[in-house]
Amino acid sequence: MSDPVSVRRLGRGAAPYLLSLPSWAYLAAFFIIPLVSMLSMSLAKGNPLVGYAFAWNFAEFGKAVTQYNTQLIRSFWYGALSTFITLVITYPVAYWIAFYGGKHKGTFLFLILLPFFVSFVIRTLAWQFILSDQGLLLGTLKALHLLPKTTYVLSTPAAVVGGLVYNSVAYYILPLYVALEKVDRRVVRAAGDLYASPSATFWKVILPLSAPGIFAGFLLVFVTNVGDFVNAAVLGGPGTRMIGNIIQYNFFDAQNYPMAAALSSILMFLLILAIYLYARVFGAEQIQEYAA
Amino acid sequence: MTDEKTPKNRYRLDDPALIRGLTQPRISRRGMLAAGAMGMAAMAMPRFARADSGAKPTPLDAKWEKWWKEQKPTKELVFANWPYYMDVTDDGKDHPSLDEFTKQSGIDVKYLEVIQDNASFYAKIAPVLKSGQPIGNDLIVMTNGWQLTELLMQDFMIPLWQEKIPNFFKNASPSVISPSYDKDNKHSIVWQSGMTGIAYNPKLTGREITSFEDLFDPKFAGHIGMFTDLSELGSAGLLMAGIDPTTSTPDDWKKAAAKLEEQKKKGLVRQYYDQSYITALENGDIWLTQAWSGDVFQANAKGFKDLKFIIPKEGGMIWHDNMMIPKGAKNPLSALEYMNYYYTPEAAGTIEDYINYICPVPAAQAFIKDQLKDPDVADSELVFPSDEMYAKVHEFYAYKSYDDYQLWQSTFSPIVQG
Numbered sequence: 001m002s003d004p005v006s007v008r009r010l011g012r013g014a015a016p017y018l019l020s021l022p023s024w025a026y027l028a029a030f031f032i033i034p035l036v037s038m039l040s041m042s043l044a045k046g047n048p049l050v051g052y053a054f055a056w057n058f059a060e061f062g063k064a065v066t067q068y069n070t071q072l073i074r075s076f077w078y079g080a081l082s083t084f085i086t087l088v089i090t091y092p093v094a095y096w097i098a099f100y101g102g103k104h105k106g107t108f109l110f111l112i113l114l115p116f117f118v119s120f121v122i123r124t125l126a127w128q129f130i131l132s133d134q135g136l137l138l139g140t141l142k143a144l145h146l147l148p149k150t151t152y153v154l155s156t157p158a159a160v161v162g163g164l165v166y167n168s169v170a171y172y173i174l175p176l177y178v179a180l181e182k183v184d185r186r187v188v189r190a191a192g193d194l195y196a197s198p199s200a201t202f203w204k205v206i207l208p209l210s211a212p213g214i215f216a217g218f219l220l221v222f223v224t225n226v227g228d229f230v231n232a233a234v235l236g237g238p239g240t241r242m243i244g245n246i247i248q249y250n251f252f253d254a255q256n257y258p259m260a261a262a263l264s265s266i267l268m269f270l271l272i273l274a275i276y277l278y279a280r281v282f283g284a285e286q287i288q289e290y291a292a
Numbered sequence: 293m294t295d296e297k298t299p300k301n302r303y304r305l306d307d308p309a310l311i312r313g314l315t316q317p318r319i320s321r322r323g324m325l326a327a328g329a330m331g332m333a334a335m336a337m338p339r340f341a342r343a344d345s346g347a348k349p350t351p352l353d354a355k356w357e358k359w360w361k362e363q364k365p366t367k368e369l370v371f372a373n374w375p376y377y378m379d380v381t382d383d384g385k386d387h388p389s390l391d392e393f394t395k396q397s398g399i400d401v402k403y404l405e406v407i408q409d410n411a412s413f414y415a416k417i418a419p420v421l422k423s424g425q426p427i428g429n430d431l432i433v434m435t436n437g438w439q440l441t442e443l444l445m446q447d448f449m450i451p452l453w454q455e456k457i458p459n460f461f462k463n464a465s466p467s468v469i470s471p472s473y474d475k476d477n478k479h480s481i482v483w484q485s486g487m488t489g490i491a492y493n494p495k496l497t498g499r500e501i502t503s504f505e506d507l508f509d510p511k512f513a514g515h516i517g518m519f520t521d522l523s524e525l526g527s528a529g530l531l532m533a534g535i536d537p538t539t540s541t542p543d544d545w546k547k548a549a550a551k552l553e554e555q556k557k558k559g560l561v562r563q564y565y566d567q568s569y570i571t572a573l574e575n576g577d578i579w580l581t582q583a584w585s586g587d588v589f590q591a592n593a594k595g596f597k598d599l600k601f602i603i604p605k606e607g608g609m610i611w612h613d614n615m616m617i618p619k620g621a622k623n624p625l626s627a628l629e630y631m632n633y634y635y636t637p638e639a640a641g642t643i644e645d646y647i648n649y650i651c652p653v654p655a656a657q658a659f660i661k662d663q664l665k666d667p668d669v670a671d672s673e674l675v676f677p678s679d680e681m682y683a684k685v686h687e688f689y690a691y692k693s694y695d696d697y698q699l700w701q702s703t704f705s706p707i708v709q710g
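If you read the sequences in order, they're chains Y and L.
Going by this note's numbering, the first sequence opens with residue 1, and the numbers climb by one from there.
Going by this note's numbering, the second sequence opens with residue 293, and the numbers climb by one from there.
Printed below as a string of structure tokens:
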């Protein structure tokens with residue numbers, strides 16, 4: 001220690017660790033501690049009056065799966081369906097802006113983001129007005145005798161999935177746009193030079209090159225939508241409750257904290273599994289590529 | 293329990309400020325009531341003045357008596373309440389009844405509208421109280437239900453020094469004295485009560501609604517609203533099955549759940565609603581629904597004049613919001629003094645004329661009629677219910693333990709969550 005050279009050397013070796021200390025502290029405080037406390041709560045026993053104590057009690061996991069498997073499956077189904085629909089809707093838009101947006105690209109992106117400056121809840125609430133039985137959309141169609149008087153959309157699975165899609169649009173367009181923007185135009189031209197038809201160019205060149213954007217959007221949208229509870233609460237009806245609603249109910253109303261924690265753990269595990277499967281099927285390089 | 297009866301919601305979807313902003317300028321409460329009273333005209337019934345209930349203050353035990361006598365009067369009061377639950381001037385800046393209290397007592401009131409619903413407020417304060425820390429409020433308002441019972445079971449509230457609240461014993465309606473969830477008003481006195489019944493749009497139903505049987509009419513399939521709140525939903529199921537919710541047993545709950553399950557299986561129920569049911573009713577999505585009386589007043593005033601509220605012939609429910617003093621309160625004597633002030637006809641009348649739920653001070657009726665010259669409120673059956681009305685409504689079942697509460701929850705939650 002007395003040798004100044006070795007101190008300097010030690011300092012140099014430790015520098016990256018010291019510099020990353022704030023990140024580690026952040027991760028520990030806002031990720032690791034909550035994660036550990038969630039997992040330990042899921043194994044706890046007790047009730048809100050006497051308190052909960054850690055007990056290696058795996059029973060809640062079993063109960064969570066038997067009691068709420070319908071809602072778990074439903075959440076993944078709604079999540080996957082809404083993610084797919086969002087992709088199908090947003091891909092052409094992102095493609096058009098990236099390839100044909102010209103110098104107004106920024107304006108187009110801004111216009112797409114504009115509605116998202118309004119609070120999430122208010123936007124979802126607005127759909128209640130638009131979709132209500134006598135509202136803007138259905139009321140008009142009914143007045144034109146294009147729909148029977150008793151038709152309704154609110155409180156149905158379609159309304160919930162529609163709400164999920166609507167709320168995910170911006171989160172899918174942005175990564176898709178970034179990926180498409182990054183596609184080297186010379187490669188596209190080269191495909192044409194090699195007599196690829198426009199559709200072959202798209203399917204064999206552009207789409208594979210934009211895969212990192214598809215994956216990034218999938219991560220953002222799928223993970224958020226599977227755990228969503230606002231759309232089901234505002235636009236849903238009987239038989240559309242998602243796992244997020246169940247977790248919220250168990251936490252606030254039933255005060256069954258171990259159940260809420262067990263459900264959250266299961267949800268997290270299943271989401272990681274889904275992402276892993278996606279990465280396996282479509283190739284893990286894509287993720288690294290996008291990260292790079 | 294009735295978490296969303298006043299304009300408040302877990303997601304704050306139904307902030308009345310928002311709804312008013314989206315619809316039309318704010319109408320004075322007086323205007324609202326005039327419109328509300330039209331819808332209620334059919335309900336006018338004879339009224340019975342009620343006065344001295346004969347209840348007397350219950351003495352404190354020695355420990356708490358000593359504690360109270362050691363407290364020094366302060367010139368401050370921190371009052372945590374729900375939004376839109378206090379009279380305000382038209383510019384929204386002052387609360388006249390609170391200003392009057394300050395004038396009479398010299399106590400400054402810091403009035404906070406911080407309680408959005410019972411479950412989340414409980415989740416906020418319980419860990420603090422459990423660790424023995426003050427929550428910073430001297431007076432809180434909570435609905436009778438599991439969370440209130442939980443606070444009392446854990447001894448988080450200071451027993452009231454009832455000798456200091458003589459006005460309560462002089463002026464309180466018998467309906468709020470010694471309730472089942474807090475015998476002898478040991479820790480709480482009522483701020484407001486309210487009723488749960490059925491609201492409907494006669495234009496869409498095509499006939500008057502009088503009974504829970506109407507909620508089983510296949511003609512209304514897909515246009516019937518029920519509450520997501522399990523205490524409310526379960527109680528409606530019990531009333532449908534002809535059982536008094538107050539004294540019901542777990543076997544009764546199963547019968548009620550079967551009734552509600554049948555209603556759902558037949559595709560009658562459009563949705564299990566929180567506070568948003570009133571928007572759905574206004575929009576015509578639902579034609580008839582479980583409802584809280586106060587919301588129908590406001591809907592009438594917003595221009596939805598057709599909407600009606602009834603107590604079904606099988607009975608309705610009555611809930612109470614209660615003032616309590618949490619442990620660690622810095623100004624407990626000020627809180628007592630405010631409680632005593634609230635139970636005067638003048639204070640209760642001034643507040644009631646604005647908030648229009650059920651007034652716990654019957655003498656406020658004459659004050660509103662003669663002094664405030666507002667017969668619409670004074671004569672409203674929903675603000676000052678008659679004996680017949682009181683006879684039709686039931687108290688909620690009071691949960692005896694967490695297991696008891698869990699059993700109720702697990703009996704009724706599959707209906708909402710399936």
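Beta carbons: idealized from backbone N, C-alpha and C, even for Gly.
The structure presented is a predicted model; accordingly, all values stated were derived computationally and were not measured.
Note on geometry: alpha-carbon atoms of lysine 661/L and alanine 591/L lie some 24 Å from one another. Fewer than three Cβ pairs drawn from the segment 501-510 of chain L and the segment 461-477 of chain L lie within less than 8 Å of each other, which leaves the two stretches out of contact. The residue among Ala347/L, Gln582/L and Asn575/L with its C-alpha nearest the C-alpha of aspartate 598/L is Asn575/L.
The C-beta of isoleucine 206/Y has 16 or more other C-beta atoms within 10 Å across all chains shown, which makes the residue buried.
Identification of chain L residues near serine 155/Y by a Cβ-Cβ cut-off of 7 Å yields Arg562 and Gln563, ordered along the chain.
Per DSSP, reduced to three states, the secondary structure at asparagine 373/L is strand. In terms of Cβ geometry, valine 482/L and histidine 387/L do not form a close pair [threshold 9 Å]. Closest in alpha carbon position to aspartate 400/L, among Pro375/L, Phe659/L and Val370/L, is Val370/L.
Taken atom to atom, the span from the alpha-carbon of leucine 664/L to that of glycine 641/L is near 8 Å. According to DSSP, glycine 46/Y shares a beta bridge with Tyr52/Y.
In the structure shown, tyrosine 564/L falls within a strand segment according to DSSP collapsed to helix, strand and coil. In the structure shown, tyrosine 403/L falls within a strand segment according to DSSP collapsed to helix, strand and coil.
Counted as a single uninterrupted DSSP element, the alpha helix (DSSP H) harbouring aspartate 695/L occupies residues 694-709.
Judged by pairs of C-beta atoms under 8 Å, the segment 510-517 of chain L does not touch the segment 613-632 of chain L, as fewer than three such pairs exist. Under a criterion of Cβ atoms nearer than 8 Å, the residues of chain L adjacent to proline 48/Y are, in order, Ala418, Glu442 and Tyr694. Closer than 9 Å to the CB of threonine 140/Y there is not a single CB belonging to chain L. Around the C-beta of tyrosine 171/Y, 16 or more other C-beta atoms lie within 10 Å, and the residue is accordingly described as buried. Residues of the same chain with a CB within less than 8 Å of the CB of alanine 196/Y, apart from the 5 flanking positions on each side, are Lys204 and Val205 in chain order.
Against chain L, the CB of tyrosine 152/Y has a partner CB under 9 Å away; the residue lies at that interface. For the pair glycine 595/L and proline 212/Y, the Cα-to-Cα distance works out to about 53 Å. Two segments are said to touch when three or more pairs of C-beta atoms, one from each, lie closer than 8 Å; by this definition the segment 268-278 of chain Y does not touch the segment 101-108 of chain Y. The Cβ of proline 258/Y sits no closer than 9 Å to any Cβ of chain L.
Nearest C-alpha to tyrosine 78/Y among Ala14/Y, Leu164/Y and Val36/Y: Leu164/Y. Cβ contact annotation for aspartate 133/Y (same chain, cutoff 6 Å, sequence separation greater than five): Tyr152, in chain order. Taking the Cα of lysine 475/L as reference, the smallest distance to any Cα among Ile643/L, Pro349/L and Asn632/L is reached at Pro349/L. DSSP places serine 197/Y outside both helix and strand once states are collapsed to three, so it counts as coil.
The three-state reading of DSSP puts lysine 600/L in strand, counting E and B together.
Within chain Y, no residue has its beta carbon less than 7 Å from that of threonine 488/L; the closest one is some 18 Å off. Here the segment 457-466 of chain L makes no contact with the segment 430-448 of chain L; the two share fewer than three CB pairs at distances below 8 Å. At a beta-carbon threshold of 7 Å, the residues of chain L lying near phenylalanine 252/Y are Ala411, Ser412 and Ala415, ordered along the chain. Annotation: the continuous beta strand (DSSP E) that includes asparagine 614/L extends over 608-616. Proximity of the segment 51-59 of chain Y to the segment 695-704 of chain L falls short of the contact definition, fewer than three beta-carbon pairs being nearer than 8 Å. For isoleucine 432/L, the three-state secondary structure derived from DSSP is strand. DSSP, read as helix, strand or coil, puts methionine 518/L in strand. Put simply, the CB of methionine 434/L is far from chain Y, with every gap to its CB atoms at 9 Å or more. In the DSSP assignment, serine 397/L falls outside any beta strand (DSSP E) and within the unbroken alpha helix (DSSP H) covering 388-397.
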